[in-house]
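So in full-length UniProt numbering, spot 137 of the sequence shown is number 137, and the numbers just go up one at a time.
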Amino acid sequence: MLADALGRQPVLESERLFSGRIWDVERHELELDGERIVREVIVHPGAVAVVAMNERDEVMLVHQYRHPAGGTLWELPAGLLDVDGEDPLAAAQRELAEETDLEAGSWRTLLDLSPTGGGSTEIIRVYLATDVRELPDAFARVHEEAAMERRWVPLDEVVEAALAMRLHNATLLSAVLALHAMRARGIAAHPADAPFDWHPAHRP
């Protein structure tokens with residue numbers, strides 16, 4: 001069976017190079033295949049994202065300015081796992097409400113991804129949310145989220161835009177293409193409480 005293997009090599013020496021508002025940078029020295037190597041690692045809290053689907057088979061997307069990327073990207077509602085002890089599902093429910101004023105009656109796990117495993121500890125869990133409804137009160141948004149557009153888009157249109165290279169957010173691309181492939185093969189999404197052991201805080 002094809003599968004990634006969880007098992008981190010021991011860090012022989014480490015040094016904090018930078019402490020940031022969201023993530024830090026550390027220098028790690030380790031041994032790999034008998035050779036001592038050094039890696040600079042972005043230490044990231046991880047994140048959650050949500051594919052929220054309505055009864056018309058549309059996906060809720062947000063259009064958000066991303067300064068490092070140099071433009072405004074279509075993305076899934078998402079947020080950091082930066083609240084100590086918060087359950088990932090609870091974080092996803094909170095982010096969906098805060099970014100889109102939505103709640104969902106049914107939750108499943110779609111996939112976990114490591115967007116930059118060669119340089120960052122970031123692991124993202126993506127949920128599939130259905131039975132979606134509007135919340136009675138809108139959330140007060142600030143900074144980049146203040147002018148953020150939200151839009152229901154047919155899933156087929158999102159897949160078409162992804163294949164035509166008109167979308168660039170890695171989480172959105174991974175999630176919608178995975179959902180499209182799972183539907184084509186008749187595969188159901190995973191339980192909402194599926195093990196999240198690739199995230200450091202949730203390893204056994």
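Backbone N, C-alpha and C fix where the C-beta goes; we use that ideal spot for every residue, glycine too.
Asked                                                                                                                                                  : Found
Taking Gly46 as the reference, give the member of Leu17, Ala69, Thr116 with the closest Cα.                                                            : Thr116
Secondary structure at Ser120, three-state DSSP: helix, strand or coil?                                                                                : strand
If we require 3 or more residues per run, which beta strand (DSSP E) segments fall completely within the UniProt domain "Nudix hydrolase" (43 to 180)? : 47 to 52, 58 to 66, 71 to 75, 78 to 80, 102 to 113, 124 to 134, 149 to 154
Is the segment 164 to 179 in contact with the segment 64 to 81, if contact means three or more CB pairs nearer than 8 Å?                               : yes
Can you name the start and end residues of the beta strand (DSSP E) that Leu30 belongs to?                                                             : 24 to 32
Any idea what DSSP makes of His190, helix, strand or coil?                                                                                             : strand
Below 8 Å on the Cβ atoms is my contact criterion, and I expect Met53 with Val59 to pass it. Report the Cβ-Cβ distance as a whole number of Å.         : 6 Å
Is it true that the segment 90 to 109 meets the segment 32 to 49, where meeting means three or more beta-carbon pairs spaced less than 8 Å apart?      : yes
Mapping the DSSP letters down to three states, classify Arg21 as helix, strand or coil.                                                                : coil
Quickly, what does DSSP pair Arg185 with across the bridge? List them, please.                                                                         : In the DSSP output, where bridge partners are listed per residue, Arg185 has none listed.
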